[in-house]
Structure formats: structure tokens, C-alpha cells
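S.K.: Its first residue numbered 10, the sequence shown is counted upward by one per residue in our numbering. In this text, a Cβ means the ideal position worked out from N, Cα and C, and glycines have one as well. Have a look at this one before I ask anything.
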Amino acid sequence: MTSTARPYLNRRLAEFGTTIFAEMSALAVATGSINLGQGFPDTDGPEEIREAAVRALRDGRGNQYPPGPGVPELRNAIAAHQERRYGLTYDPDTEVLVTAGATEAIAATLLALLEPGDEVVALEPYYDSYAASIAMAGGRRVPVTLRPDAGRFTLDLDELRAAVTDRTRLLLINTPHNPTGTVLTRAELAAIAELAVERDLLVVTDEVYEHLVFDDAEHIPLASFPGMRERTVTIGSAGKTFSFTGWKVGWVTAAPELVSAVRSAKQYLTFVSAGPFQYAVAEALALPDSYYDDFRRDMSARRDLLATGLAEAGFDVFRPAGTYFVTADIRPLGEKDGFAFCRALPERAGVVAIPNAVFYDDREAGAPFVRFAFCKKEEVLREAVERLRGM
Ligand SMILES: *Cc1c(COP(=O)(O)O)cnc(C)c1O
Numbered sequence: 010m011t012s013t014a015r016p017y018l019n020r021r022l023a024e025f026g027t028t029i030f031a032e033m034s035a036l037a038v039a040t041g042s043i044n045l046g047q048g049f050p051d052t053d054g055p056e057e058i059r060e061a062a063v064r065a066l067r068d069g070r071g072n073q074y075p076p077g078p079g080v081p082e083l084r085n086a087i088a089a090h091q092e093r094r095y096g097l098t099y100d101p102d103t104e105v106l107v108t109a110g111a112t113e114a115i116a117a118t119l120l121a122l123l124e125p126g127d128e129v130v131a132l133e134p135y136y137d138s139y140a141a142s143i144a145m146a147g148g149r150r151v152p153v154t155l156r157p158d159a160g161r162f163t164l165d166l167d168e169l170r171a172a173v174t175d176r177t178r179l180l181l182i183n184t185p186h187n188p189t190g191t192v193l194t195r196a197e198l199a200a201i202a203e204l205a206v207e208r209d210l211l212v213v214t215d216e217v218y219e220h221l222v223f224d225d226a227e228h229i230p231l232a233s234f235p236g237m238r239e240r241t242v243t244i245g246s247a248g249k250t251f252s253f254t255g256w257k258v259g260w261v262t263a264a265p266e267l268v269s270a271v272r273s274a275k276q277y278l279t280f281v282s283a284g285p286f287q288y289a290v291a292e293a294l295a296l297p298d299s300y301y302d303d304f305r306r307d308m309s310a311r312r313d314l315l316a317t318g319l320a321e322a323g324f325d326v327f328r329p330a331g332t333y334f335v336t337a338d339i340r341p342l343g344e345k346d347g348f349a350f351c352r353a354l355p356e357r358a359g360v361v362a363i364p365n366a367v368f369y370d371d372r373e374a375g376a377p378f379v380r381f382a383f384c385k386k387e388e389v390l391r392e393a394v395e396r397l398r399g400m
């Protein structure tokens, strides 16, 4: 074959050619719909943090390449945050790495830790970048499906145990979990930790929604369980916590050998990014507890608004314990295919949602579920709910 006759996108990435988000966002614009598809806030984060970014830029801090591991101010702030919130101590010089969002942290971690053919056990449905990053690293994904049980998507610990083989290199965990809104409990996390220790596995844990837990749910970092600190790569991000998703400031905390491995991959992806924003995020992480409490209360009210509205519109609603998202079952509406439902919804009701099936290898398991984001203004959510009720 000549070089132009062959498909341009290589085999590793062929299945990831286009995302549903592009299609649905285009549909939202074309139909004038309210876009509850993609998870970004429609209001920026704290004014003082925006001003901190402006100040850094004006003062010439971060306008040139920052240090590879991130500016010391931010690495110190990340370490202080882990200590203050969770009692986890990390050396800012050797155990913290700043990345271009959690997305780069995930990619760099998998590129660093996987040999071709290594298996990665991940919770399904999964955040869309996991499958692509595993593929880029030449790994094989092994999904463990979270199943609806008493109003919550639940991890079957026996299934998790059974998914681990001699080829398993790592467990890829996400809590609070996108898209289901599940927050893994202390007992579930303890069982995951025991399994990791018993089978001597590395664990990568995506905790970008650590501050978005509601009611009496509690976020407990996997790294805090016995035997886990030395084998766990914890991934965080400023985007969701401070409502600046465009800044793309994320981080990794882990033991020095793991951070060093991830840094080796990261230095050839972006090397560094977001210089002035790193200084602003350092200030954001040091905001008083009242910021985090207010943020959580505010988002919890939005969750209630959307979850209640969806239930009134006839959906079966999985009331999320965390994240930006509500997953709803469309079967009570007489529907069974989330793809068809979401493609028709803009015309029918002027609202855009995402079919959860895109987050599954087992498309059947995800077929009846759709995801709505509630990180939007109250009046936007009210209008969306109004439209859905009139459907
Ligand atoms: C949004 C999101 C990310 C990406 O975070 P960035 O910092 O914007 O790269 C990673 N994981 C999950 C589960 C997310 O929802």
C-alpha cells in the first residue's frame, strides 16, 4: 500500500477517531439547545484567583518555561493540601509533579508504567481518556462494570478480584466516579487496597472530584490505606475544584520512584505548561475551608435541582454522591437506546445529554443510561428541567 492509501489514524487509535462530545455540542448549537452534555461550569471560579493569574502574568512569573516538575509554590501548595485534608505527607521536591491537567497526568502515568500487552483493570463506565491513553501506551484494558443496585452504581468486589490476572500491571480507579456519581465507600476502597497489596499491583487513582462529594459521602484517598502509599499514583486537578477547566493545571502525587517515572514520560509530552496559572492555583489550594464548603453546598443544591427535575420528567434517577453529573435511566420513558434518545433529545426538548454507552466496552450494559451535567447556572438548570418535563 502507498502511504496515502493506508488509513492515516493508526490502529491503536482507530476506535477513538471522533468523540460524541463534538457531535452533541454541534447539535446543541444547531438546535439552540441547552448543553448539559459536556462537564464544564458556565461560571468562572473565584475572582481573587483569576486576579492572582493576572498578577502572575503582569509580574512576569511563569511567562517563560517553568521548572519541569512545576513551580515550587504550587508543589508546596499541593503537598500542603494533601497533608491538611488527608494527613498524607508528600515531599514537594520528589513526590509531586505538576501536569497539563489530569488528562496529561493519566496519559503520562500510563505511558510510563505500562509495557505493551500489560493489562489495566479499570472501572466501567470510564472517563473517555482512559481507554485512549491505555491504547497509546500499548496496554490492554480490562473493564469491571459498575452495576445499578439500589439507586447506586456499585462495584462488585468479586468481579474486580476475578479481573486481575498475572498480566495485570495496574488498577485504574476513579472516585468520585464520572459518569455515575458513585463515591467509593471506605469498605470498598479497603477491599481494593487489600487486593492491590495481595497481588502486588500498582494503583492509579483519578480523584479530580475529591471536593465534590455530597450529603454524608466522604472522599477517602486510596493512598491513605495500609500498604498503598508506595504503590499508588494519585491524580488531582484544579479544573473541577476551582471552576477553571481551561487552565489545565493538574498534578500527580506518589512515591519518588513513581513520580520520577511519570516525569520521564511527561517531559516529552508537554514538558511544562500553564506557567502563570500555576501560581494562581497555588493560591487557590490555600483558600480557607469555607471556600470548599461553600462550593460543595452550592453544587449540591444544583444536583438536587437537576436530579429532582429529571425524576419529575419521568427518568429513573441515580442521585449522585459526587461529581458534576447525574446518570438517568431512560427506560421508564419507554426508551432503551441512549444513543438514539440523545440524538433526538435536542429536537424533542431542546436539551443535550450524553449517552453513557460511549463510556463502556460493554455497550449493552450502558445502553439505557444518559448523563446530564449540573455544573451550570441555576436558571439554566431550571429551564432545562422545564423543557424536559414538557417533553
Ligand atoms: C474532567 C476530568 C478529567 C480531566 O481533568 P483535566 O484537569 O481537565 O485534564 C480527568 N478525569 C475525570 C474523571 C474527569 O472528569
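How about the stretch 39-53 and the stretch 71-83: do they share at least three Cβ pairs that are nearer than 8 Å?
M.R.: At 8 Å Cβ cutoff, the stretches do not touch.
S.K.: Identify, in the order they occur along the chain, each residue of the same chain with its Cβ nearer than 8 Å to the Cβ of ALA199, setting aside the five sequence neighbours on each side.
M.R.: So the list reads PHE234, once near-sequence residues are dropped.
S.K.: Does any heavy atom of ligand 1 sit closer than 6 Å to the C-beta of ASP215?
M.R.: Yes, since a heavy atom of ligand 1 falls inside the 6 Å radius drawn around the Cβ of ASP215.
S.K.: Short check: CB of VAL217 to CB of LEU179, under 7 Å?
M.R.: No, these two residues do not count as a Cβ contact at 7 Å.
S.K.: Grouping DSSP H, G and I as helix and E and B as strand, with all else coil, what is GLY48?
M.R.: Here GLY48 sits in coil by DSSP.
S.K.: Are the CB atoms of ALA295 and VAL258 nearer to each other than 7 Å?
M.R.: Their beta carbons are not under 7 Å apart, which means ALA295 does not touch VAL258 by this criterion.
S.K.: Taking Cβ to Cβ, would you say ARG398 is nearer than 7 Å to ALA322?
M.R.: Yes, the pair counts as a contact, with Cβ atoms nearer than the cut-off.
S.K.: Which runs of the alpha helix (DSSP H) fall wholly inside the stretch 11-62 and span at least 4 residues, in chain order?
M.R.: Correct list: 29-40.
S.K.: What three-state label does DSSP hand ARG168 in the structure shown?
M.R.: Going by the sequence as given, residue 168 is Glu instead of Arg. It is helical.
S.K.: Assign ALA14 to one of two classes, buried (16 or more other C-beta atoms within 10 Å of its C-beta) or exposed (fewer than that).
M.R.: Label assigned to ALA14: exposed.
S.K.: Roughly how many angstroms separate the alpha carbons of GLU104 and ALA131, rounded to a whole number?
M.R.: Approximately 24 Å, taken between the alpha carbons.
S.K.: Ordered along the chain, which non-local residues of its own chain (more than five positions away) have a Cβ less than 6 Å from that of GLY147?
M.R.: The residues are PRO125.
S.K.: Mind checking who ALA111 pairs with in its DSSP beta bridge?
M.R.: For ALA111, which the question treats as bridged, DSSP gives no partner whatsoever.
S.K.: Is THR332 closer than 7 Å to LEU221 when the C-beta atoms are compared?
M.R.: Against a cut-off of 7 Å, the Cβ pair of THR332 and LEU221 comes out as a contact.
S.K.: Does the separation of the CB atoms of ILE339 and VAL281 fall below 7 Å?
M.R.: Not in contact: ILE339 and VAL281 (Cβ atoms no closer than 7 Å).
S.K.: Considering only their Cβ atoms, is the gap separating VAL242 from ALA263 smaller than 7 Å?
M.R.: The answer is yes: Cβ separation under 7 Å.
S.K.: Sorted by chain position, which residues of the same chain lie with C-beta nearer than 6 Å to LEU22's C-beta, five sequence neighbours on each side aside?
M.R.: Contacts found: none.
S.K.: I'd like the span of the beta strand (DSSP E) that includes ARG367, first residue to last.
M.R.: The sequence shown places Val at residue 367, rather than the Arg named in the question. From DSSP, VAL367 is part of no beta strand (DSSP E); its letter is neither H nor E.
S.K.: Just to confirm, are GLY245 and TRP260 a CB contact at a threshold of 7 Å?
M.R.: Against a cut-off of 7 Å, the Cβ pair of TRP260 and GLY245 comes out as a contact.
S.K.: Tell me the rounded alpha-carbon separation between ARG176 and ASN19.
M.R.: In a straight line, the C-alpha of ARG176 is about 25 Å away from that of ASN19.
S.K.: Quick check on the DSSP output: the alpha helix (DSSP H) that includes CYS397 runs from which residue to which?
M.R.: The displayed chain sequence assigns Leu, not Cys, to residue 397. It spans 387-398 - the alpha helix (DSSP H) in which LEU397 sits, taken as one unbroken run.
S.K.: Quick check: the Cα distance between GLU227 and THR191, rounded to an integer number of angstroms?
M.R.: Going from the Cα of GLU227 to the Cα of THR191 covers about 11 Å.
S.K.: Given that a residue counts as buried once 16 or more other Cβ atoms are within 10 Å of its Cβ, and exposed if not, what is GLU239?
M.R.: GLU239 is exposed by the Cβ-count criterion.
S.K.: So the alpha helix (DSSP H) GLU239 belongs to, where does it begin and stop?
M.R.: First-last for GLU239: undefined, no H or E at that position.
S.K.: Just to check, is the beta-carbon of SER34 closer than 6 Å to a non-hydrogen atom of ligand 1?
M.R.: Because no heavy atom of ligand 1 lies under 6 Å away, the Cβ of SER34 does not count as near it: no.
S.K.: What does DSSP give as the partner residue(s) for ILE244 in the beta ladder?
M.R.: Answer is ASP215, VAL261.
S.K.: May I ask you to report which of helix, strand or coil DSSP gives LEU294?
M.R.: Helix at LEU294.
S.K.: Compute the beta-carbon to beta-carbon distance between LEU354 and ALA337, rounded to the nearest angstrom, for a pair I have assumed lies under 8 Å.
M.R.: The pair is not a contact, with the Cβ atoms about 11 Å apart (cut-off 8 Å).
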